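Chemist: Below is one structure. I have some questions about it.
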């Protein structure tokens, strides 16, 4: 070590230092001269050799300074104070071993007590705290009781007054009646007139205490620094826990353990009263966090330490207020507290090492974190800081994992050979060997950390904030969203064992049930539940599905899940999230069970190819090439992309301050090829519906649970706006599965991810997650549920239709072994139809759904036709017009074409219902006039003799069977009326077509129905309409009837003449074509000419030349009328 002895005569200065005859300033001068020219080791040796002389200088200087300052506060006297404090600091720093042996215990204690006097200025009191802590840690376990009490009194508000050594004893020179007592304790340097007291003095001095606890540790020059630095800070920390922690954190839970976590679920709580101790608690939380949190981005090199505790909000403002109180004292402080970067980093490392060195300290830190989650949201900065700590731990945003997060020794051996396990990152231990040996005992593993976080963080959701302070609600909402994002990241990216999955599910169930409540508030925006409902429901449901893909979930937990969801069915957000989840699961079901991609179905591809061919045919030659290329680009599979989803993130990576999340259930399904189990085909294979397929061993949930691999997608966000879900992440490598076993964990197997049996079970369970949907008390939500069930059924029908289509459309595939479970929801439909009229919309949706299922399911599953007919009879004959309209609209012609057993029972009901619909004068678009005409037209194909057919009487709630042989008469009469005055153009066209079929059939069979004449007159009248489409349709019908022109002329000669005449009149009205004639006009003229020519050819010249006995042109021949038109 370098020494400047060549420049100064150290021996002379030492001699003058030791000379008691020299005055105090001279001795101090030479002391400074010596210390300025020797290194630390030499200075320590000098102090140890001359400790008596040096302390004499300190004592005399202190008395002189104290006397001068009490007489008058002058600049020179402040400089004396600076000098005295400098000597005091050197004595404590360089003589810790002596102090440890209680050297000058009472004298130093009294000096420090005077510095700590509450009447001193703030800066002097803070310096007193600093020097006291240096002295206190040097005493360590040898400190007497009153010193401990002095430590407990450093921060105002924790004890009544500062305790000092006051040994009042009897003297040998005086009698016992007049003992010697210590003089009154007075302040040394009162505050200046411009000094402003801090708003929260307790927090202000506590921050000073915590800061000096860190930075004074490395100041003491022990013989064995490496041993004593950790020991000293541990001592200070333990004393702080003993004297300050109970008042700062009265609810401090000493049973909190990272090693044996107590995972009791939190409950709702009220806001805590704001006290000085709460502000102190916030400072303590930020102080612990400052040394327990070190991210990759903020990883400090050897010359840079973490952020100083002086940056804690609150303390900086007090420092600014008092900067100019005592300038000379300020300069002294700046000199004495100016540490090198190396010292700063060493102090921070010591704190981190001690906080992570024992299980008690680790548990202390995490209990402090829990206290942050219990704070009021007026202190949200501390809550956010702790959330960030856990987020960086869970997302591995750290330079290295803290020692407590590493796996304990017994787990390390297992994970060493586990291909799914995460490799542990060991840190380079830089402290004592003893602590290195204890590191193994400190390790708790990540699973315990996950469980502790998810349980403690739930407290943020369960604080009932003051509704009159909107800012608090906004802060709570923001904090809750941050926690939900971490939960989501864990679900999608973190490897969790069965216990961790179960705890996460329990926590989410607790949050959902307590935050939302069974009855939604009227003004949702003013409550936490209203703001977070979509995000909470999505997180819960997605987590539930992902958990079932990775570990076995017990029946009891499923029951609790169902209980929570069924109690919250009054929340519209739940209905929407359930619907979107079912849409996703249906796509997964189609992929894994039916081997179909709903985004690329065979029938869709065939339609697309047909449309391409049509476009090529109609396209002009010069556009063929461009059209083909454009078409190929247009019909490429397009995946929806979220601008906030880089690198496959499945929740969101867009940092937004507020907002909620949603899933992209369509595109995520098709991002990876799926492995589908193909069963061998047998000749005698039968189609089985999924509801009749018992899943293998679905109740074996008590088997050994296997951990799930980390899914391949993740999130990175501080908000949950527009965040999609991905439920079909499948582990491609199924490791560790028994030979021949192919069952998912939900079925008691060991394979994680999507399999056909897993897809079926989760689809069915989530379908029933809302319980009996007819128990939903809100009619609007009840209707929404059935509206979605209609969409779901349409998707299943689409799957059913595509099962019989091969990929190349060149071969016929085998009959499917499994068919979509269309009839699974029939009990809900029947139950809904029995609800009161307040559920009208839901009942209509249920009726529509019932009809759709019964018309599209396989015949072997139509086991409830009698109930179906009963409800349809009531719907067709009831007083509700909407029910009648819905029945006819969705029954349509297909109902009768299926020829279901007993379907003829409803013939008369259908006819009467159609008649009622067509008789209504309303012009609403919802009235199914077209469907009613279509059904009636379809009835014309029935046999003429229906006397043996029994039908239900069209009376509501009356189930009486009668015969009705004149049903066709009713149908013809209705069609005739519709052909005359039906206001709907499309419906009238169908009615005219029906009448044409009726006439053609009668003429073919030679039955000659009495209404043939009227039917033909209606058709001829239609030629007079100005609607060209109706006129053209009528022309086509007459063209068809010309097959029986001869019979018609013979049987009905007047009608024969009428046909030719009306066709001629129609040509006179429509045939004159000018240059501006449209293609429709030209088509109509061509049709009329073709029809007229065909009738003329069929009648022959003889009949055309006969004199006309009917009509206006009586006496002239028909051929003349034809020629007049042609001319």
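Residue numbers (the numbering used here): 761 to 1887.
By construction, the Cβ of each residue, glycine as well, lies at the ideal position given by its N, Cα and C atoms.
The structure presented is a predicted model; accordingly, all values stated were derived computationally and were not measured.
What did DSSP end up calling residue 1264 once you bin it into helix, strand or coil?
Modeler: Reduced to three states, the DSSP call for residue 1264 is helix.
Chemist: Taking residue 1309 as the reference, which of 1518, 1628, 1294, 1592 has the closest Cα?
Modeler: The candidate whose alpha carbon is nearest that of residue 1309 is 1518.
Chemist: For residue 1753, count neighbouring Cβ atoms within 10 angstroms of its own Cβ and tell me buried if that reaches 16, exposed if not.
Modeler: Its Cβ being crowded by 16 or more others within 10 Å, residue 1753 is buried.
Chemist: On the CB-based measure, 16 or more other CB atoms within 10 Å of its CB, does residue 1369 come out buried or exposed?
Modeler: Exposed: under 16 other Cβ atoms inside 10 Å.
Chemist: May I ask which residues mark the beginning and end of the beta strand (DSSP E) holding residue 1711?
Modeler: First-last of the beta strand (DSSP E) with residue 1711: 1710-1712.
Chemist: Considering only residues of the same chain and omitting the five flanking positions on each side of residue 1276, which have a CB-CB separation below 8 Å?
Modeler: Answer for residue 1276: 1289, 1293, 1296, 1328, 1331, listed in chain order.
Chemist: On the DSSP bridge list, what partners appear for residue 1504?
Modeler: Looking at the DSSP assignment, residue 1504 forms a beta bridge with 1511.
Chemist: Spatial neighbours of residue 1709 within its chain, please: C-beta separation below 6 Å, excluding the five flanking residues on both sides.
Modeler: Correct list, in chain order: 1664.
Chemist: Please report the Cβ distance between residue 720 and residue 844, rounded to the nearest whole angstrom; I am assuming they are in contact, meaning their Cβ atoms lie under 8 Å.
Modeler: Nothing in the structure corresponds to residue 720, since the chain is present only between 761 and 1887.
Chemist: Just the C-alpha distance for residue 1843 and residue 1819, rounded to the nearest angstrom, thanks.
Modeler: Each residue's Cα considered, the two are about 20 Å apart.
Chemist: Identify whether residue 1579 lies in helix, strand or coil by the three-state DSSP scheme.
Modeler: Correct three-state label for residue 1579: strand.
Chemist: Which of the three DSSP states, helix, strand or coil, is assigned to residue 1119?
Modeler: Helix, per DSSP.
Chemist: Using alpha carbons as the reference points, say which of 1053, 1116, 1127, 1045 lies closest to residue 1142.
Modeler: Nearest C-alpha to residue 1142: 1045.
Chemist: Between residue 1892 and the rest of its own chain, which residues show a CB-CB distance below 6 Å, the 5 nearest in sequence each way excluded?
Modeler: The structure shown does not extend to residue 1892, since the chain is modelled only from 761 to 1887, so the question has no answer here.
Chemist: Taking residue 1723 as part of the beta strand (DSSP E), name the residues at either end of that continuous run.
Modeler: 1721-1723 is the extent of the beta strand (DSSP E) around residue 1723.
Chemist: Between which two residues does the alpha helix (DSSP H) containing residue 1755 stretch?
Modeler: Segment 1745-1765, the alpha helix (DSSP H) holding residue 1755.
Chemist: Measure the C-alpha to C-alpha separation of residue 1678 and residue 1545 and round it to an integer number of angstroms.
Modeler: Going from the Cα of residue 1678 to the Cα of residue 1545 covers about 31 Å.
Chemist: Evaluate the contact criterion for the stretch 1597-1616 versus the stretch 1683-1700: three or more CB pairs, one atom per stretch, below 8 Å.
Modeler: Short answer: they don't touch.
Chemist: Going by alpha carbons, who is nearest to residue 891 out of 879, 848, 1658, 1341?
Modeler: It is 848.
Chemist: Looking at the unbroken alpha helix (DSSP H) that takes in residue 891, where does it start and where does it end?
Modeler: Its alpha helix (DSSP H) spans residues 882-899.
Chemist: Tell me whether residue 1722 is buried or exposed, calling it buried when 16 or more other Cβ atoms sit within 10 Å of its Cβ.
Modeler: Exposed, by the Cβ-count rule.
Chemist: Output the distance between the C-alpha atoms of residue 1151 and residue 1169, rounded to the nearest integer angstrom.
Modeler: When rounded, the distance between both Cα atoms is 25 Å.
Chemist: For residue 1877, which three-state DSSP category applies?
Modeler: Three-state result, residue 1877: strand.
Chemist: Check this for me: beta carbons of residue 864 and residue 992, under 8 Å apart or not?
Modeler: Against a cut-off of 8 Å, the Cβ pair of residue 992 and residue 864 comes out as no contact.
Chemist: In whole angstroms, give me the CA-to-CA distance for residue 1028 and residue 830.
Modeler: Computed Cα separation, rounded: 57 Å.
Chemist: Work out the CA separation of residue 1781 and residue 1879 for me, nearest whole Å.
Modeler: Between residue 1879 and residue 1781, the C-alpha separation is close to 22 Å.
Chemist: List the endpoints of the continuous alpha helix (DSSP H) containing residue 1851.
Modeler: Unbroken alpha helix (DSSP H) run through residue 1851: 1839-1865.
Chemist: Spell out a yes or no on whether the stretch 1121-1133 and the stretch 1213-1225 are touching, meaning 3 or more CB-CB pairs, one atom from each, closer than 8 Å.
Modeler: In short, these stretches touch, since the Cβ pair count reaches three.
Chemist: For residue 1668, tell me which candidate among 851, 1702, 914, 1646 has the shortest Cα-Cα distance.
Modeler: Ranking the options by Cα distance to residue 1668, first place goes to 1702.
Chemist: Given residue 1759, which residues of its chain have a CB within under 7 Å of its CB, disregarding the five upstream and five downstream residues?
Modeler: Correct list, in chain order: 1772, 1775, 1776, 1801.
Chemist: With distances taken from CA atoms, which of 1552, 1575, 872, 1650 is nearest residue 1340?
Modeler: Closest option to residue 1340, Cα to Cα, is 1552.
Chemist: What's the gap between the Cα of residue 1121 and the Cα of residue 1251?
Modeler: Answer to the nearest angstrom: the Cα atoms are 29 Å apart.
Chemist: Return the CA-CA distance between residue 1632 and residue 1647, expressed in angstroms with no decimal places.
Modeler: Each residue's alpha carbon lies about 7 Å from the other.
Chemist: Determine the direct distance from the alpha carbon of residue 1725 to that of residue 1591, and round the result to whole angstroms.
Modeler: If you take the alpha carbons of residue 1591 and residue 1725, they lie about 35 Å apart.
Chemist: How should residue 817 be labelled, buried or exposed, when 16 other C-beta atoms within 10 angstroms of its C-beta is the threshold for buried?
Modeler: Label assigned to residue 817: buried.
Chemist: State the Cα-Cα distance for the pair residue 1882 and residue 1809, rounded to the nearest angstrom.
Modeler: Whole-angstrom Cα-Cα distance: 17 Å.
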